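> Provided herewith is a single structure, encoded as structure tokens, for subsequent inquiry.
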Amino acid sequence: MKLKSLKSFLLARPRLGQVLMPLAAIALGSGGSLVWANAGTGDAATAQHAPSEADQAVTALLKQRLPRTQVSRVNCQVVDGVCEVTAGSQLFYVDKTARYLLIGRVYDMQTRQDLTAVRLLEVNPDLLVGGAAGSKQEAQEVETPRRGVSTPAASGAPRMMSLAALPEAGGIVWGANSGPTVTVFSDFRCGYCRALSGVLENMNVRVIERPISVLGSRDLANQVFCARDRRKAVKAAYAGAPITDTRACDTSPLDANEAFARQQGLAGTPVIVRSDGAVIEGFRPREVLEQWLKGAKS
Numbered sequence: 067m068k069l070k071s072l073k074s075f076l077l078a079r080p081r082l083g084q085v086l087m088p089l090a091a092i093a094l095g096s097g098g099s100l101v102w103a104n105a106g107t108g109d110a111a112t113a114q115h116a117p118s119e120a121d122q123a124v125t126a127l128l129k130q131r132l133p134r135t136q137v138s139r140v141n142c143q144v145v146d147g148v149c150e151v152t153a154g155s156q157l158f159y160v161d162k163t164a165r166y167l168l169i170g171r172v173y174d175m176q177t178r179q180d181l182t183a184v185r186l187l188e189v190n191p192d193l194l195v196g197g198a199a200g201s202k203q204e205a206q207e208v209e210t211p212r213r214g215v216s217t218p219a220a221s222g223a224p225r226m227m228s229l230a231a232l233p234e235a236g237g238i239v240w241g242a243n244s245g246p247t248v249t250v251f252s253d254f255r256c257g258y259c260r261a262l263s264g265v266l267e268n269m270n271v272r273v274i275e276r277p278i279s280v281l282g283s284r285d286l287a288n289q290v291f292c293a294r295d296r297r298k299a300v301k302a303a304y305a306g307a308p309i310t311d312t313r314a315c316d317t318s319p320l321d322a323n324e325a326f327a328r329q330q331g332l333a334g335t336p337v338i339v340r341s342d343g344a345v346i347e348g349f350r351p352r353e354v355l356e357q358w359l360k361g362a363k364s
């Protein structure tokens, strides 16, 4: 079943939607933005995963409940009680009775890992989708077709964002001393942000990282912000390593980042802003970023 068909399945069953959406927001959400995650085809991991009895049982149940959905993979070993379902370009979750369908992201709070992001990057390293959580704009793109309202993405209009109101102190500067500057709104527990930082590190760009707490990472952001060596602390935070050189400091500039993100409707990370205010929401591979940066207007 195509994405549109699966949306119609949910929208045609209001009571089911009332149950699933709050549950997804609580158990799987990261910032309350429910978005559709796209997985690529040609999944090499599928061949390596031998279906268990539970996988096969859920697959059979899904054929009954979603007969038009072409399920390519079911994995009930990712999270206890939840099965990950890959259906063409769609990734979602169901319980082991295949009664409740969950749309959102699975986040391991013990290992501080976005399992959905890891899975999507495993399937397709060049995946061009939103970050750990998606954004308010992405959520609107899912909802607006039934409301009949056009969105900037639907009309082809690029999003622009002025950073003039943000205090300079809220940015953590790293990367190249020369080259184009990019501002990144990030979360240190976001898998896509971690992947993006690795890409930017190997590019000739000056990065101004502005942490926002989408996945409950404010304490970690405070540690990075107050570290004596912030560049080293950024790497440690993304690697899940301890930050040992931090100290108490004034973290109010991070409050300004949070307030700005709320005002702009940024419910997910990463969000990348070019020097001329052009915006990309979500992870992009190096070749895409390099071409995008060339289009900056001075």
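Counted the way the numbering used here counts, the sequence shown spans residues 67 to 364.
Positions of the beta carbon are idealized from the N, C-alpha and C atoms, including for glycine.
Keep in mind that this is a model prediction, so the values were computed, not measured.
Using only CA atoms, which one of 150, 317, 170, 287 lies nearest to residue 163?
150
> Measuring straight from C-alpha to C-alpha, what distance separates residue 332 and residue 255?
Looking at the two C-alpha atoms, the distance is approximately 16 Å.
> Out of 319, 124, 347, which one is the CA nearest neighbour of residue 232?
319
> May I have the straight-line CA-CA distance separating residue 303 from residue 182, to the nearest angstrom?
19 Å
> Would you call residue 234 buried or exposed, if buried means 16 or more other Cβ atoms sit within 10 Å of its Cβ?
exposed
> Please state the DSSP three-state secondary structure of residue 171.
In the three-state reduction of the DSSP assignment, residue 171 falls in the coil class, being assigned neither a helical nor a strand state.
> Tell me, which residues are paired with residue 149 by DSSP?
160
> Where does residue 349 sit, in a helix, a strand or coil, going by DSSP?
Residue state, collapsed to three classes: coil.
> On a CA-only basis, which of 128, 121, 135 is nearest residue 146? Give me that one, please.
121
> Given that a residue counts as buried once 16 or more other Cβ atoms are within 10 Å of its Cβ, and exposed if not, what is residue 296?
Buried.
> How many Å lie between residue 356 and residue 270 at the Cα?
One C-alpha to the other measures close to 9 Å.
> If you measure between the beta carbons of residue 274 and residue 306, is that distance less than 8 Å?
no
> Looking at the structure shown, is residue 329 part of a helix, part of a strand, or coil, going by DSSP?
helix
> Rounded to the nearest angstrom, what separates residue 35 and residue 268 at their Cα positions?
Given that the chain is displayed from residue 67 to residue 364, the structure contains no residue 35 and the question cannot be resolved.
> Residues in its own chain within less than 6 Å of residue 288 by CB, not counting five upstream and five downstream?
317
> Compute the Euclidean distance between the alpha carbons of residue 246 and residue 240, then round it to the nearest angstrom.
The alpha-carbon atoms of residue 246 and residue 240 are separated by roughly 12 Å.
> If you compare alpha carbons, which of 292, 353, 301, 324 is closest to residue 315?
292
> Does DSSP put residue 251 in a helix, a strand or coil?
Secondary structure at residue 251: strand, using DSSP grouped into helix, strand and coil.
> Tell me the rounded alpha-carbon separation between residue 138 and residue 228.
43 Å
> Put residue 308 into one of helix, strand or coil per three-state DSSP.
coil
> Tell me which residue opens and which closes the alpha helix (DSSP H) that residue 265 is part of.
257-267
> What are the boundary residues of the beta strand (DSSP E) that includes residue 294?
Here residue 294 belongs to no beta strand (DSSP E), and DSSP marks it neither H nor E.
> Could you check what DSSP says for residue 195 in three-state terms: helix, strand or coil?
Any reading at residue 195 is ruled out, since the residue's pLDDT is 37, under 50, leaving its predicted position unreliable.
> Less than 8 Å separating the beta-carbons of residue 349 and residue 262?
yes
> Here's the rule I'm using: 16 or more other beta-carbon atoms within 10 Å means buried, otherwise exposed. How should residue 347 be labelled?
buried
> Name, in chain order, the residues that DSSP records as bridge partners for residue 141.
The partner list for residue 141 (beta bridge, DSSP) reads 150.
> What residues in its chain sit with their C-beta under 6 Å from that of residue 338, if we drop five residues either side in the sequence?
248, 250, 346
> Could you check whether residue 309 and residue 322 sit closer than 8 Å to each other, using their CB atoms as the reference points?
Residue 309 sits away from residue 322, with the two beta carbons spaced by 8 Å or more.
> Here's a check: name, in chain order, each residue in its chain whose Cβ is nearer than 8 Å to the Cβ of residue 362, leaving out the five neighbours to either side.
246, 340, 341, 342, 344
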